[in-house]
Each structure stands twice: as C-alpha cells, then as structure tokens.
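Under the working numbering, the first residue of the sequence shown is numbered 19, with each subsequent residue one higher.
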Amino acid sequence: MAENGAAQENQVAKHQEVGHKSLLQSDALYQYILETSVYPREPEPMKELRELTAKHPWNLMTTSADEGQFLSMLLKLINAKNTMEIGVYTGYSLLATALALPHDGKILAMDINRENYEIGLPVIQKAGVAHKIDFREGPALPVLDLMVEDVSFTHLSSIFCANHTSL
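Below, the structure written as structure tokens:
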C-alpha cells in the first residue's frame, strides 16, 4: 500500500512539474498524452526552456507544453505575422510564438519582471528567434497607450495574455 501511495505522489509531482491545470480530470491520462503526443513533437529549444523553467520556484506560472503547441498551431493556421504577448515569465509561450512566426514576424512582449524573461533569453537566442522580439519591461497599460501612436503595431494577428498577468 505504501508503494501505491508513493507512486500516486510521484504522478502528482509530475503533473505539477509542468505548471498546468488541465481540463482532464485524470493526471495519469494527462501524463500519457504529454509523453506520447506532446513531448515527442516539442521542438528542442522549447523542451530546453520547459525543463529550465521547471526548476524555477514559480514554475506553475508557465504555459504548459500542450498549450504551447496549441498556440503555435493556431498562429500558423492564421498566418500570424505581428503579435503581442502580455505576461512573458521565462518566455515559453513567447518562444512558441516566435518559432511559429515567419522570419520577419514581430512580437511585442511585455512583462513587469525582466529577470524572469532573462532566464529564457539564452534559449530564445540559441533558437535564432530573438530578432523577432521587442521586449518591454513594466506594466502593459502604458505600453498599450503608446501603441495607439506606433504605426509598426497597427495590425496584430494575435494577442496572448497570460492568465497570471496584471495589466
């Protein structure tokens, strides 16, 4: 019985490690989906950043691997070019977006904490997509107010706002 309890605790720890609340009610099913479908299709830079972020004390704030792949698929479906991300954290969803955009795509990324963004920045640079990102530190509302006058972001294909974000 003790072994079964330890196995259940290990399963819960795996689920919590991905920093995700799932619609699925079964942690075992969710873990199976991750291991058989999501992780094998995850680009290497995203895997590296996910594993790096999992070590951070606030890792529950990250976008999960399945959400990152879903976001990437949506961006490709709409042929997104200019996007905005409010709430970057270590940049997992930002990297998913940057990888999905064309070479000349642009992302206006905002977060109140540059330190967390800089955790993932080396991975983003190594992936060759840092040139797409215009990171701005601080609250989003002042930046959004300035955007009214900024011609370069008059057309946005998508806006991603992290659920932990305060504007």
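Ideal placement from N, C-alpha and C gives every residue a C-beta, glycine not left out.
**Message:** Between the region 88–96 and the region 66–73, can you find at least three pairs of beta-carbon atoms closer than 8 Å?
**Reply:** no
**Item:** Runs of alpha helix (DSSP H) lying entirely within the region 105–140, each at least 4 residues, in chain order
**Value:** 110–118
**Residue(s) in a DSSP beta bridge with T81** = Per DSSP, none; premise fails for T81.
**Request:** Compute the Euclidean distance between the alpha carbons of T101 and L78, then round it to the nearest angstrom.
**Result:** 24 Å
**Prompt:** Of the choices P75, R59, W76, T54, whose alpha-carbon is the least far from that of G86?
**Reply:** R59
**Request:** Specify the secondary structure class of I96 as computed by DSSP and reduced to three states.
**Result:** coil
**Message:** Once DSSP output is grouped into helix, strand and coil, what is the label at S44?
**Reply:** coil
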